[in-house]
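Letter by letter, the sequence shown follows residues 269 to 562 in this note's numbering.
One structure is given below, encoded as structure tokens.
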Amino acid sequence: MVGEALSDHGSVHHHEDDEPPTPFLGLDILIDVGASLWQGWLAATKEVAAAAADAAEDPSMRIDHAAHRYPCCLVWTPIHPLTWVAPYVGHVGLGDRDGIIHDFAGRHVGRDAMAFGWPARYLQLDPARASRSAGAPLDWAAEVSHAADAFEKVEYGLLTWNCHSFLAGFLNAIEHTPEGQPGSFGLLRTWTVAGVGLRLFLHAHYVHGRRAGWMQQWGGTAVVTWCVLWLGVWHGVWDLAKLWLLLLVSVNGFFVAWFGALAFLRLDSQRGFVHEDADRRDSDSDDDMLRTGL
């Protein structure tokens with residue numbers, strides 16, 4: 269009987285071990301997000317290195333800071349004093365094949381004159397990463413021109429259709445993806461306003477040497493922070509430090525929540541999808557099918 273009891277107990281214990289544990293969904297989500305971000309970081313880093321190597325081999329891809337020429341680049345410049353509070357917030361533009369910058373500002377797309385000054389950071393892309401270039405070389409200049417024409421008809425809005433929408437629309441139109449698995453780096457599953465900003469913030473190079481570019485982006489934040497801390501430590505005036513901290517938290521919290529929500533809702537403004545572009549993509553797809561006899 270003792271043997272039977274032990275046998276029964278052992279069988280019951282074995283049965284309990286066979287029951288799969290209940291997964292902790294929150295942890296699974298965090299792991300998936302972390303893995304996606306890590307894959308995106310590695311993919312974007314490889315692409316930046318590949319673009320730099322191509323620029324070294326191809327003279328037409330060389331960047332000329334003095335002449336403000338940034339071929340096949342996404343460029344970023346600060347908007348002071350807003351950038352002091354949110355250092356990732358700025359004005360962006362797009363370099364054509366000759367390096368001439370186009371930027372969406374107000375009721376027009378500017379050419380060779382950025383609305384808030386010349387770039388402080390730049391990220392050169394590899395045109396070969398555009399899926400539409402798989403069958404034939406991508407006409408980067410023509411694509412930039414078409415994107416500029418499409419956005420001439422768009423009404424600008426800081427929190428909706430803005431300069432980042434212009435870049436997202438262009439990159440979605442040419443179906444550009446970072447090296448590696450398409451859709452890694454979650455926000456870049458399709459390019460969005462938040463995705464463009466995040467990519468530039470993490471991977472863009474500083475112009476005129478790291479020190480000068482860094483000062484344009486972070487100088488205002490550093491100076492204000494140092495001043496309020498100096499007043500607090502040496503003079504006991506902590507009210508300004510509290511106000512500065514409250515401003516940082518509230519402004520950054522708003523931007524992250526707002527553009528994160530709009531990206532999640534997949535609004536056209538966040539992906540730069542002008543209806544004219546959608547019709548054109550459908551037409552291009554039909555033309556490709558006709559050429560291949562499908």
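Idealized CB from N, CA, C, for every residue including glycine.
Note that the structure is predicted; figures quoted are calculated from it, not measured.
- For V491, the secondary structure class from DSSP, reduced to helix, strand or coil, is helix.
- Just measuring C-alpha positions, the residue of F541, S537 and V542 sitting nearest L427 is S537.
- Per DSSP, L391 is one residue of the beta strand (DSSP E) stretching across R389 to Q392.
- Judged by their CB atoms, V412 and H376 are not nearer to each other than the 7 Å cut-off.
- Per DSSP, the unbroken alpha helix (DSSP H) holding G465 starts and ends at V461 to H471.
- With respect to the 7 Å criterion, N440 and R539 are classified as neighbours on the basis of their beta carbons.
- Setting aside the 5 residues that flank it on each side, L362 is surrounded in the same chain by C341, L342, V343, I369, H370, D371, V412, A415, F434, L435 and F438, each with a C-beta closer than 8 Å to its C-beta; the list follows chain order.
- Taking one beta carbon from each stretch, the stretch 468-484 and the stretch 374-392 have 3 or more pairs nearer than 8 Å; the two touch.
- Here H543 carries a helix assignment [DSSP, helix/strand/coil].
- Rounded to whole angstroms, the Cβ separation of A490 and H444 is 34 Å, and the two are not in contact under 8 Å.
- Per DSSP, F419 has no beta-bridge partner at all.
- For the pair R467 and W408, the CB atoms are not nearer than the 7 Å cut-off.
- Sequence-distant Cβ neighbours of F419 in its own chain, meaning closer than 6 Å and more than five residues away, are F372, V377 and F434.
- Nearest C-alpha to W459 among F541, T351, T345 and A529: F541.
- The residue from H543, G367, M329 and V517 with its alpha-carbon nearest to that of R337 is G367.
- Taking C-beta atoms as the reference points, L508 and V519 fail to come closer than 7 Å.
- For C340, there is no enclosing alpha helix (DSSP H), as DSSP gives it neither H nor E.
- By DSSP's assignment, A398 forms a beta bridge with H444.
- One Cα belongs to G500, the other to V492, and the distance between them is close to 12 Å.
- Secondary structure of G374 (DSSP, three-state): coil.
- Taking C-beta atoms as the reference points, W486 and P355 count as a pair closer than 7 Å.
- Around the beta carbon of D332, fewer than 16 other beta carbons lie within 10 angstroms, which makes this residue exposed.
- When DSSP reads this structure, L362 sits in a beta bridge with L342 and H370.
- Distance from the CA atom of M483 to the CA atom of A383, rounded to whole angstroms, is 19 Å.
- Shortest Cα-Cα distance from P349 to any of P405, V517, G488 and L406 involves G488.
- Taking E423 as the centre and dropping the five residues before and after it, the same chain places the C-beta of R375 and W429 closer than 8 Å to its C-beta, in chain order.
- Taking C-beta separations shorter than 6 Å and ignoring five residues to either side along the sequence, the partners of V464 in its chain run H432, L435 and A436, following chain order.
- In the three-state reduction of the DSSP assignment, R534 falls in the coil class, being assigned neither a helical nor a strand state.
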